[in-house]
Each structure stands twice: as C-alpha cells, then as structure tokens.
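What follows is one structure encoded as structure tokens, with my remarks underneath.
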Ligand code: SF4
Ligand code: SF4
Ligand code: SF4
Ligand code: SF4
Ligand code: SF4
C-alpha cells in the first residue's frame, strides 16, 4: 500500500491573508512550481492563529505544519505577528517537551513580494518532513478511538 | 462451595486464568497510585493497600467508550455498531464495597432502557473479591449496610485466614464455574472454624436517620455551609464506583464520526446548563445537595438501594477535603430529626 | 503564629474591615487541613497553620459561592501571594478589595512539595499583615529554579513522547486541575465549547493530549507554580513539569517571572520588537 510507494507528507500551512498568502499567490501566478503536498488555510493574521489549530491539524492527519505571516513591522494590524511570535516562543518548546519534533512545526515570515521565498520555504518544509517520515505517534492516537477495549475508531481523516 | 487458596498457588491461578482465555484485572502499583488494571503475572498484584485509586466501574462503564460509528456519503448514512467490547475477564482482588456497587447499578442499567454495554460486560466479567483486612478513617461500608467482608456482587470471595492462605467462598454459579475450571489450584477447605482476618470498620452514622432528614430538608443552610470549600471539580464523581452519569457526544469530521459515551458528573456547573443559559443548579451547594440527595434519597425511592457503598474514595480524593461521611453524620445527628432545626 | 493569626482575623472581623476570612482549618484527618471561611469573630479558633496547609486559597476568589460572603481577608503563603499579583494585573480583582494576611513559610507537605525546594518567597512579596517572623528570601539561579526539568529534557524525542503518552493516558478528564487553579478563571473553558469542538471531550489519548497541552499553554507566562493542579490530579500526572517548562521558556525568552512584580507587564499580553525569532525562517 502507501508504505510501499514513496511516502508523501501531508503539510498544512496556516497563512496570513495579507503577506504570505499573497506571496504564495504570487508564486502561483508566476507559475513557480512547488511541491503539491501543502493544504493552505488562510487566516486574517498570524495573531489569530490559535495553537489549537496546529493540534487540530495533527489530529486530522497532518505530518507537518507551516505557520507563516508578515515580517516584523509589516503586520496589517500592526502587532499581530509580534504577539504570535511570543506564543510560538513558548508553544514550540512545550510540544518539543512532549515529544513532538519541532521540525514538524515550522514558522516563517514571507511577504507579498516574496513568491520565491515561499517556494523555497514550502519545499524545505516538505523535504524535511518527508525525511522525518509519517507522524506515527499522532497517527496512532488518531486511530485509537474511544473504546477502552482498544478497538480502533476512525475519526482521523481529513474530512 | 468452599475451598482454600494458598498464596504460593497464585502464580498457577493467574496462568490458569490466562490459559482458560480470561483477561485478568487486578490491583497494581504505579508510582503513587494503586490501580485496578490488566496484569499478566501474579507478581504484579499489589495486596497491601486499603483501596485502589480507581474503582471497579471503569471495567463496566469505561471513562470513554464508542457506542457507534457512522459514515455519511451524500444522503446515505451507514452505521456500524461496536462489537467485542465485552471481553471475558476476571477482576481479581477488588474490594467488597466495589463489588457491591455492581448489583446496585444493575438496577439503573436495566431500567427504562437496557444498556447492552453494561449488561454484556456484566456477563463476561467474573468478580473475585478479597475481603478487607485493614481499613482507614475514610471507609464507612458498615454505615451503609455493607461490611469489609460483604458478599454482594462478588462471584467469589476470598478471606485471609493466615499469612499465606485465603478461604475461598463461591457466591454465584459463575463463581463456582470459575473455581471448577481451575480446580487444581485450590485445596480442600480447612477443617474447623477458620480464623477470618477481617478489618473492623467503625460505624459512623445511622443510615435510617438519613433519608427522613433529607425528605424534610431540601432547603437548609447546611448545604451551603458545608460546601463553600467545594471547587466543583467532579473528581469525587469520577472515582466513585456508584456514580454513573454519562454524556454522549459525537467526535466527527464532515464525513464520519464516532458517537461516544463519556463520564459526566453532577458536580460540574456545565452538567445542568441549558442552551438558554439558564442553570437550574447554578451554585455549588445545589450541586452538592444533588449528590447527597441522589445517593441517599432519590435512588432509594426509585430502586430501593442506597447509591453509596462507603468506599470513601470521594473523600480521599477531594482536593478541598469535603468528607461525605462527615456530612451524613451531621445529617443523622441533627437535633430536629426528622423535623428540621432551622431553615435559615 | 496561630495565635497571631487568629487575633488578626478576629480584629478584622470585629472592626468590619472584612466580612470573611479565607483560611486553613483542621482537616478530616491529622495529615490534612481544609479551607475554612470564617465570618464571625467568635469562630476564629477554627483557624490553624501547619505544614499541611497546602491549599492556595486564592482560588476561592474566582468562586461565586465564596465571593458571596463579602469582602475577604485571605491567608496566603509566599507562593500563593504571587497569584494575587497576577489576578490584579489581569483585572480580576482590585488590590483594595481584598485584605492579604501573609504567613511566612518554610515549606509544606509531607514529603515536602517540590516547589518548596527552590522557594524564594518564604516571606510573601505582597501582604497587608505579615504573620510569623520575617524570613530573608533566598535567591536561586536560573538553572537551580528549573533543575527538576533536566532529567526530562535530556530524554530523546521518542522517550519524551512515550513518557507523556503514558502519563496522559491516565487522565480521566475530570478537569480538577483547572477547577482548582486560581488562574483558570474563564467562565466557560475551551473544553466546554463544542461549536466547534476544539478539544475532544473523551478521555482517550488524542483528547487527553490536546487537553493537557492546552491547559498548560493557557497558563503560559501566568502560572505561579503553586502546584495545586498537580496535587489534585486523581491520576497522578506530573502536570507541574509542563507548567515549569513553560515558565522556563518564558523566563529565558522574555526575562519574565509570573507573580513577582506588580509593575511588570504580563509576558503574554505584550511583546518586544526584538523578541527571539531564531526559529523563524
Ligand atoms: S466535593 Fe471535592 S471532589 Fe467533589 S466536586 Fe467538590 S471539591 Fe471536587
Ligand atoms: S459516594 Fe463516596 S463513599 Fe460512596 S460509593 Fe461513591 S466514592 Fe464511595
Ligand atoms: S513554595 Fe515557599 S511559600 Fe510556597 S509552600 Fe513552599 S516554602 Fe512555602
Ligand atoms: S486533574 Fe488530572 S485526570 Fe483530571 S483532567 Fe486534569 S490532568 Fe486529567
Ligand atoms: S497551573 Fe497549577 S501550579 Fe500553575 S497556578 Fe494553576 S494550579 Fe497553580
């Protein structure tokens, strides 16, 4: 099955509307190819990306996550990305402490003009996570349903 | 049927159970906890404790369990019911209070709707109880018509008769069947009267005085006075072998999901919160009163049983040192019995 | 000390400075105390003080049932007192609305609680009245403060995952950890929201991981290390390791320690333009 063919990681990218999303769009209109493993979720601002979104992505089967927004100083809402950066500074080590490889959750600043950086970043994430392999730890707890007798439930799909 | 079990035969008992296809659940030490959990070998069993931290109920009413799963395709919904949830097992070494909780809860799970999860597990699991040879100040089984060697709910009751010997008494056909299956492990019953080593549990209150007081005192200042310290965490209800409230939720994506039954409890403020925002039990004293009323009045009226076996877990675990037997002592000695003293 | 405590409580109740004193009383067994709420001067003898006074009584500031009793005086140890600083900063209480009876403390619990090993608040940092001899507060280095994390941080990624999975597996989702926490004061917790359901309510490994990570994270830069959550957890999960880890990162990155100084800006409600970003591409 999938294991025999090459493993293709599922990456979820949470992007801010004003910078990175526009940057990714630019890459698209410029016909810059990047790996197709990424599902993009557009949000108004990195400041509004609750870390629970990232947990949810893993619960729904992501192997890796990218969170990306405007460079410091460029936030459409002035300080959203600064607040977000504070949170990432503590959330990332917390996940690492719980045994989640920090390479599975990456962060970047990509502006609306940086189509090239977007391509480079997302390819980098895909390659890193491909090398790490499937997120087996999470897959296991996603598959374990609610039955104490250990019967598997199946609520971990992308729905 | 009477037999004896020598401690040195425990190994053969546990291997015997395994060979006969039973899963064995027994008390085991895990860091600071003594937990009833699955074991593989007799060495894992912990004996020298008053009570396990978790109660027997999780083997009949698990903390979380899938009751069905579904898939949605366009307009078609397919439902799959779980199977194989009732695994042939033996609970070895639970306490008489825990065992006694089972027939009490049988009544509610066989009431307006028969709960197949409960019933099938009850059929599949055999209870081998060990009578208590020690107790602590939280135990009050004797105040709720039970005893450290009570037989209710046990299929087999073991009572220590010397440092390395238990008296084995079968209480049900199921228990008798189990002993027969593993006959070689047991020896003949002792001749003469065995020296049963059973703890003495002090009686703390007169149960007969509790319900009449509750009948009269739905409104009483004691509820609030006693429960100001309660933080409403619900830990008491989760560790309780007789608390059986649950909540049903769907854990799902767009196309499929599981319908799940999870423990819930009356001590949470969310438990009774209506969609409108109104909460009929809006304060903790009302919730505390509900816990006492349900156990010592409503359940008695409905099923003719007290919904408490005096295991003391709720009081041991309570982060605020709320003590249920203390509350019942207050109630049963309140001067105005059964008339209230004051309704301030 | 107990006498001084009772006298102070009596005086406060008599002259109506406060309506109620939240304090420690005798428990159901000698190794326990329990929270008591004294409203009458003649009841002050119910107050006690000993090494079993584990509770952080400031948690009763968030409860309507205790708040109903009126303006409180509250008995706090040094660690508990830090909560009040945070509650003031987070606009949950006003300084003038409570009277703080600080007690000097050299450690509680039997065996002593982990937090007491590197305690630097034996004398509370904030109080209206101090009971007990003032103790010179010690100072500890950054490394000493977080020493208990070392053995866990050293583990490999897989070992960490396995360790925490084993711990979280025990969780029964009673939420005692957040009920007891004086800083978990949201009227409706994220776990109680189901439109959408961010955290699976079931006590299975998936739901338990997201709950435990979220609880800890919502206390990031706020937790004052009273260890109450860990004390009350019926599943004996070392929750404080998670809290400590977050405290460590907050201090390392933002030079902030929760509850120490009422003039400090709350770490997670502010930012600096030059905050660490070496992990951001
Ligand atoms: S009685 Fe104790 S355990 Fe039960 S809800 Fe109240 S504080 Fe929690
Ligand atoms: S109410 Fe308390 S003492 Fe009674 S059965 Fe439940 S946990 Fe045990
Ligand atoms: S941390 Fe300090 S103030 Fe708090 S209980 Fe321990 S010794 Fe006392
Ligand atoms: S107190 Fe412990 S068992 Fe209860 S929800 Fe919190 S972590 Fe889980
Ligand atoms: S998270 Fe735990 S240690 Fe921190 S303030 Fe809350 S109860 Fe205290």
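Residue numbers (my numbering), protein chains in the order written: chain A, 1 to 159; chain B, 1001 to 1344; chain C, 2001 to 2281.
In this text, a Cβ means the ideal position worked out from N, Cα and C, and glycines have one as well.
Integer-rounded CB distance, given that residue j should sit under 8 Å from residue i
i                       : j                       : result
residue 1025 of chain B : residue 1037 of chain B : 6 Å
residue 2266 of chain C : residue 2090 of chain C : 7 Å
residue 2104 of chain C : residue 2084 of chain C : Actually they do not touch by this definition, with Cβ atoms about 16 Å apart.
residue 1159 of chain B : residue 1196 of chain B : 5 Å
residue 31 of chain A   : residue 2277 of chain C : So it is not a contact: roughly 31 Å between Cβ atoms.
residue 2077 of chain C : residue 2260 of chain C : The Cβ separation is near 15 Å, so there is no contact.
residue 1311 of chain B : residue 1098 of chain B : 7 Å
residue 2025 of chain C : residue 2018 of chain C : Contact doesn't hold; Cβ gap of about 17 Å is too wide.
residue 2205 of chain C : residue 2168 of chain C : 7 Å
residue 64 of chain A   : residue 104 of chain A  : 5 Å
residue 1188 of chain B : residue 1003 of chain B : 7 Å
residue 2235 of chain C : residue 2172 of chain C : 6 Å
residue 1224 of chain B : residue 2174 of chain C : 23 Å between Cβ atoms; not a contact.
Beta-carbon proximity list for residue i, same chain, < 6 Å, skipping 5 on both sides
i                       : result
residue 62 of chain A   : 10, 12
residue 1178 of chain B : 1126
residue 1007 of chain B : 1164
residue 2041 of chain C : 2010, 2013, 2014
residue 45 of chain A   : 16, 77, 80
residue 2181 of chain C : 2229
residue 130 of chain A  : 9
residue 1029 of chain B : 1046
residue 2254 of chain C : 2267
Where residue i falls, given that 16 or more other Cβ within 10 Å makes a residue buried
i                       : result
residue 2160 of chain C : buried
residue 1356 of chain B : The requested residue 1356 of chain B does not occur in the structure, where chain B is confined to residues 1001 to 1344.
residue 1213 of chain B : buried
residue 1298 of chain B : exposed
residue 1334 of chain B : buried
residue 1079 of chain B : exposed
residue 1058 of chain B : buried
residue 1111 of chain B : exposed
residue 2023 of chain C : buried
residue 2016 of chain C : exposed
residue 92 of chain A   : buried
residue 2274 of chain C : exposed
residue 1054 of chain B : buried
Residues near residue i by beta carbon distance below 7 Å, same chain, minus five either side
i                       : result
residue 111 of chain A  : 19, 23, 70, 71, 74
residue 1094 of chain B : 1036, 1056, 1127, 1129
residue 2146 of chain C : 2244, 2248
residue 2215 of chain C : 2177, 2178
residue 2086 of chain C : 2183, 2222, 2224, 2258, 2259
Span separating the alpha-carbon of residue i from that of residue j
i                       : j                       : result
residue 2166 of chain C : residue 1217 of chain B : 46 Å
residue 2213 of chain C : residue 94 of chain A   : 8 Å
residue 2098 of chain C : residue 2151 of chain C : 41 Å
residue 2197 of chain C : residue 1131 of chain B : 45 Å
residue 1129 of chain B : residue 2137 of chain C : 53 Å
residue 1107 of chain B : residue 2268 of chain C : 52 Å
residue 1061 of chain B : residue 1117 of chain B : 8 Å
residue 2055 of chain C : residue 1329 of chain B : 25 Å
residue 1305 of chain B : residue 1207 of chain B : 12 Å
residue 68 of chain A   : residue 2219 of chain C : 24 Å
residue 1090 of chain B : residue 1034 of chain B : 18 Å
residue 1151 of chain B : residue 1013 of chain B : 21 Å
residue 1119 of chain B : residue 2038 of chain C : 49 Å
residue 2192 of chain C : residue 1275 of chain B : 13 Å
residue 1198 of chain B : residue 1155 of chain B : 19 Å
residue 2157 of chain C : residue 2028 of chain C : 44 Å
residue 2282 of chain C : residue 2131 of chain C : Because chain C in this structure spans residues 2001 to 2281, residue 2282 of chain C falls outside the shown range and cannot be described.
residue 2128 of chain C : residue 2143 of chain C : 32 Å
residue 1294 of chain B : residue 1237 of chain B : 12 Å
residue 36 of chain A   : residue 127 of chain A  : 12 Å
Chain-order list of residues whose beta-carbon lies under 8 Å from that of residue i (same chain, five-residue window excluded)
i                       : result
residue 1064 of chain B : 1260, 1261, 1262, 1263
residue 1010 of chain B : 1042, 1045
residue 149 of chain A  : With a pLDDT of 33 at residue 149 of chain A, under the threshold of 50, the modelled position of this residue cannot be trusted; read the value that follows with caution. Once the five neighbours on either side are set aside, residue 149 of chain A has no close Cβ partner at all.
Legend entry - Sequence-ordered residues whose beta carbon comes within less than 5 Å of a heavy atom of ligand 7: Looking for ligand 7 in the displayed structure turns up nothing; the ligands present are ligand 1, ligand 2, ligand 3, ligand 4 and ligand 5.
Inset, instruction - Could you please tell me which residues of the region 2206-2231 of chain C, in chain order, have their CB closer than 9 Å to any CB of chain A? - result: 2206, 2207, 2208, 2209, 2210, 2212, 2213, 2214, 2216, 2217, 2220, 2221
Inset, instruction - Can you give me, in chain order, the residues of the region 1267-1301 of chain B that have a beta carbon less than 7 Å from any beta carbon in chain C? - result: 1270, 1283, 1284, 1285
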